[in-house]
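Going by my numbering, the first residue of the sequence shown is number 7, and it counts up by one from there. Note that CB positions come from ideal geometry on N, CA and C, so glycine has one too. Down below is the structure, laid out as structure tokens.
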Amino acid sequence: MGSSPRVVDFVTDFLRLQGVRHVFGVGGANIEDLYDALHLAQDGPLGVVAKHEFSAAAMADGYHRASQRVPVIVSTSGAGAMNLVPGIAELRASCVPAVVLVGQPSAALDGRGSFQETSGLAGSIDAVRLFGELAVSCVRVDEPEAITDALPRAFAAATDPASPGPAVLLLPKDVQQAVLPAWAPPRPVAPAAPPLSAPAVRARAAGLLRDAARRPGGVVVIAGEGVARADARPRLAALVRRLSAGAAGVTGAASFAEAAGVTGAVGAAGGVGVAVVPDAKDVFAPRDPHHLGIAGPIGPAAVQEALERASAVLLAGTRLPQMADGGPRDRLKAVPVVSLDPREPFLDAHGELIRLTGPLAAELDLLSAALGPADDDARPAPVVRPTPPAPPPPPDAPLDMRTAALLVSAALPEGTTVVADAGNTGAVALHHIDVPPGGRFVAALGMGGMGHGFGAGIGAAFATGRRTCVVAGDGAFFMHGMEVHTAVEHRLPVTFVVFNNNAHGMCATRERLFFSGDYSYNLFRPARIGDGAAALFPGLAAVTVRTAGELTAALGRAHATPAPALICVDVDPTEMPPFRPFLQHALRAGAGRPAREGAVPG
Numbered sequence: 007m008g009s010s011p012r013v014v015d016f017v018t019d020f021l022r023l024q025g026v027r028h029v030f031g032v033g034g035a036n037i038e039d040l041y042d043a044l045h046l047a048q049d050g051p052l053g054v055v056a057k058h059e060f061s062a063a064a065m066a067d068g069y070h071r072a073s074q075r076v077p078v079i080v081s082t083s084g085a086g087a088m089n090l091v092p093g094i095a096e097l098r099a100s101c102v103p104a105v106v107l108v109g110q111p112s113a114a115l116d117g118r119g120s121f122q123e124t125s126g127l128a129g130s131i132d133a134v135r136l137f138g139e140l141a142v143s144c145v146r147v148d149e150p151e152a153i154t155d156a157l158p159r160a161f162a163a164a165t166d167p168a169s170p171g172p173a174v175l176l177l178p179k180d181v182q183q184a185v186l187p188a189w190a191p192p193r194p195v196a197p198a199a200p201p202l203s204a205p206a207v208r209a210r211a212a213g214l215l216r217d218a219a220r221r222p223g224g225v226v227v228i229a230g231e232g233v234a235r236a237d238a239r240p241r242l243a244a245l246v247r248r249l250s251a252g253a254a255g256v257t258g259a260a261s262f263a264e265a266a267g268v269t270g271a272v273g274a275a276g277g278v279g280v281a282v283v284p285d286a287k288d289v290f291a292p293r294d295p296h297h298l299g300i301a302g303p304i305g306p307a308a309v310q311e312a313l314e315r316a317s318a319v320l321l322a323g324t325r326l327p328q329m330a331d332g333g334p335r336d337r338l339k340a341v342p343v344v345s346l347d348p349r350e351p352f353l354d355a356h357g358e359l360i361r362l363t364g365p366l367a368a369e370l371d372l373l374s375a376a377l378g379p380a381d382d383d384a385r386p387a388p389v390v391r392p393t394p395p396a397p398p399p400p401p402d403a404p405l406d407m408r409t410a411a412l413l414v415s416a417a418l419p420e421g422t423t424v425v426a427d428a429g430n431t432g433a434v435a436l437h438h439i440d441v442p443p444g445g446r447f448v449a450a451l452g453m454g455g456m457g458h459g460f461g462a463g464i465g466a467a468f469a470t471g472r473r474t475c476v477v478a479g480d481g482a483f484f485m486h487g488m489e490v491h492t493a494v495e496h497r498l499p500v501t502f503v504v505f506n507n508n509a510h511g512m513c514a515t516r517e518r519l520f521f522s523g524d525y526s527y528n529l530f531r532p533a534r535i536g537d538g539a540a541a542l543f544p545g546l547a548a549v550t551v552r553t554a555g556e557l558t559a560a561l562g563r564a565h566a567t568p569a570p571a572l573i574c575v576d577v578d579p580t581e582m583p584p585f586r587p588f589l590q591h592a593l594r595a596g597a598g599r600p601a602r603e604g605a606v607p608g
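Rendered as structure tokens:
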């Protein structure tokens, strides 16, 4: 840094002291000074240039979900800033903290019709109002000295546990270039921790859950993304074991599954079962005898049935959004609910709601302790009987989405982050791709934007340095698949698996099921994605596979190197995804049995 530090030099120094290692964005005239400062800084963050601003925001999303670190996004003004809108909306809807630095034309030109002006003057778009609606905080920095207060405040706003999300700073170009005559070394900002809940409230929650676990229907736990963000998976498992140990009449988890006719240790005699929301399928072990499955319309009917019978429900790290409830809200009006989350759950008015709003990991520990020792605490834990893996298909077997997903799952190295994109492909990945030990599962369900997975997978790879596997459809690839170039540019260990059915598959399925079915706007001319990517990106291992043997071999080659790879899997656009509303409608209408799927609705 020179003897006359600029505002952008302060920003870079602050990011370095904050522990920021990567800055995701796209360059341009009104943000180039920040990139210059990143280049000049010693041990400063790496500037990662994406191909599109939406993907830069998606990189930040995957970066945080894989590492829990607060990411930073940068963008120039005008169309660059507008391209951020859907990405920031996803961060806000999914409560992902991020700091977003958006360049603006020089303040001296405000109200004069300058190129890409968004000052709100003279009839121009008002960027403060626009991003203020999307972000948890939006501040325009009009004076150079204000950056020393505004930047720490942005980090604090982004990481507020009651409402985490993206915080935006608008930085006019002349403010970025201005020299700060004197400033103290910036101090890192630690996320604020909410206070723990009152002991009396916790005792009431413990008593309610203990009693409900002994009654018919037992307790159903719905675990969400907040458990992963708090690194609280072991604490959740310990709470479930303690609550189950205190349930009267429990003789073994398997007996509940058999008596209730569902998977999971909850049934007519009581007990505890755990469902996970779709974007948190990795927060509870799927082979645990208490595991029920995925909650919501993507999940099996067994979860809904367990909720219908429950004597109480515990929400851990989730607000129970629509994609996680599958329709139990009317039922929950009459069922006591305990919520472990600083945020208020999405529940209608009902009989009893007990909220524990402190840090999730601490609240889980304290709630476990409040349950007290149980007489049968020393009873051995139920034996987990692993489901034997299905025999692999013959090498020459043709591929459908389910078979391909199972083969992808079987080939994942330990510690892999799995990123599922939107649509039919996402539903298949949620059901049939398990998370390997030490890995994470990422799915963006806030806005559900197609193509999010390409950026998110790259961000996750930057965060962990380990293999990331992105599973996306051809529609998602055509939206943001050129981000593969960023993985090639940085030689990141990302395997992109593209299910190519030459369609917007979920839209085509809806046309077929819910409308006349004699037309489609969503079936496309064939595209050779694997061959095209191989030609477009020299050095990228890109292939198209059509059989089980070819896919297994391609996955083995991809995972054996630290480089990116793309595998295109040709599949049938008429294959039914494991999405319960589709399956139920198909059965009612006699449209055919669910294609090779096990999640048959009850």
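Extent of the continuous alpha helix (DSSP H) run through residue i
i: Arg241; result: Arg239 to Ala251
i: Ile94; result: Val91 to Ala99
i: Gly454; result: No alpha helix (DSSP H) holds Gly454; DSSP gives it neither H nor E.
i: Val494; result: Val490 to Glu495
i: Glu139; result: Ala133 to Leu140
i: Phe588; result: Arg586 to Ala595
i: Ala43; result: Glu38 to Leu46
Close Cβ partners of residue i (< 6 Å) along its chain, the five nearest in sequence each way excluded
i: Ala601; result: Any reading at Ala601 must be qualified, since the residue scores a pLDDT of 41, below 50, and its modelled position is unreliable; the value itself is stated next. Cβ neighbours of Ala601 beyond the five flanking positions: Glu581 and Met582.
i: Arg361; result: Ser345
i: Leu359; result: Val343
i: Ala238; result: Leu366, Ala367 and Leu370
i: Asp576; result: Asn506 and Arg552
Residue i vs residue j beta-carbon contact at 8 Å
i: Ile153; j: Phe60; result: no
i: Lys179; j: Asn36; result: yes
i: Ala554; j: Thr409; result: yes
i: Arg473; j: Ala569; result: no
i: His296; j: Val341; result: no
i: Phe502; j: Leu405; result: no
i: Gly138; j: Ala128; result: no
i: Met512; j: Gly444; result: no
i: Ala462; j: Val448; result: yes
i: Ala417; j: Gly536; result: no
i: Ala104; j: Ala162; result: no
i: Ala184; j: Val80; result: no
i: Val181; j: Pro150; result: yes
i: Ala548; j: Ala559; result: no
i: Pro327; j: Phe352; result: yes
i: Val233; j: Ala286; result: yes
Per DSSP, the bridge partner or partners of residue i
i: His297; result: Val280
i: Ser345; result: Leu321 and Arg361
i: Thr124; result: DSSP lists no partner for Thr124.
i: Pro178; result: Gln110
i: Cys475; result: Val424 and Thr501
i: Ala449; result: Ala426
i: Leu529; result: Ala509
i: Pro172; result: Ala104
i: Ile228; result: Ala281 and Leu321
Boundaries of the beta strand (DSSP E) in which residue i is found, first to last residue
i: Val233; result: Premise fails: Val233 lies in the alpha helix (DSSP H), Glu231 to Arg235, not in any beta strand (DSSP E).
i: Ala571; result: Ala571 to Asp576
i: Val32; result: Val32 -> no beta strand (DSSP E), and no H or E assigned at all.
i: Thr550; result: Ala547 to Val551
i: Gly53; result: Leu52 to Val55
i: Ile79; result: Val78 to Ser81
i: Arg146; result: Ser143 to Arg146
Same chain, Cβ closer than 8 Å to residue i, neighbours up to 5 away in sequence not counted
i: Ala411; result: Val434, Ala435, His437, His438, Ile439 and Val477
i: Glu96; result: Ala63, Ala64, Asp67, Val102, Ala450, Gly452, Met453, Gly455 and His458
i: Asn508; result: Asp480, Leu529, Phe530, Arg531, Pro532, Ala533 and Pro579
i: Arg193; result: Leu23 and Pro158
i: Ala291; result: Ala243 and His297
i: Ile304; result: Pro284, Met329, Ala433, Leu436, His437, Pro584, Phe585 and Arg586
i: Phe519; result: The sequence shown places Leu at residue 519, rather than the Phe named in the question. Closer than 8 Å at the Cβ level, and outside the excluded window around Leu519, lie Phe588, His591, Ala592, Ala595 and Ala597.
Buried or exposed by the 16-neighbour rule on C-beta atoms within 10 Å, applied to residue i
i: Gln122; result: buried
i: Gln110; result: buried
i: Arg10; result: First, the residue type needs correcting, since residue 10 is Ser and not Arg in the sequence shown. It counts as exposed.
i: Gln310; result: buried
i: Glu420; result: exposed
i: Tyr527; result: exposed
i: Ala375; result: exposed
i: Ala595; result: exposed
Proximal residues to residue i (C-beta, below 7 Å), its chain only, five neighbours per side dropped
i: Ala384; result: In this prediction, Ala384 scores a pLDDT of 45, lower than 50, which makes its location untrustworthy; the coordinate-derived value is nonetheless stated afterwards. Nothing meets the Cβ criterion.
i: Gly302; result: Val283, Pro284, Met329, Ala330, Asp331 and Gly332
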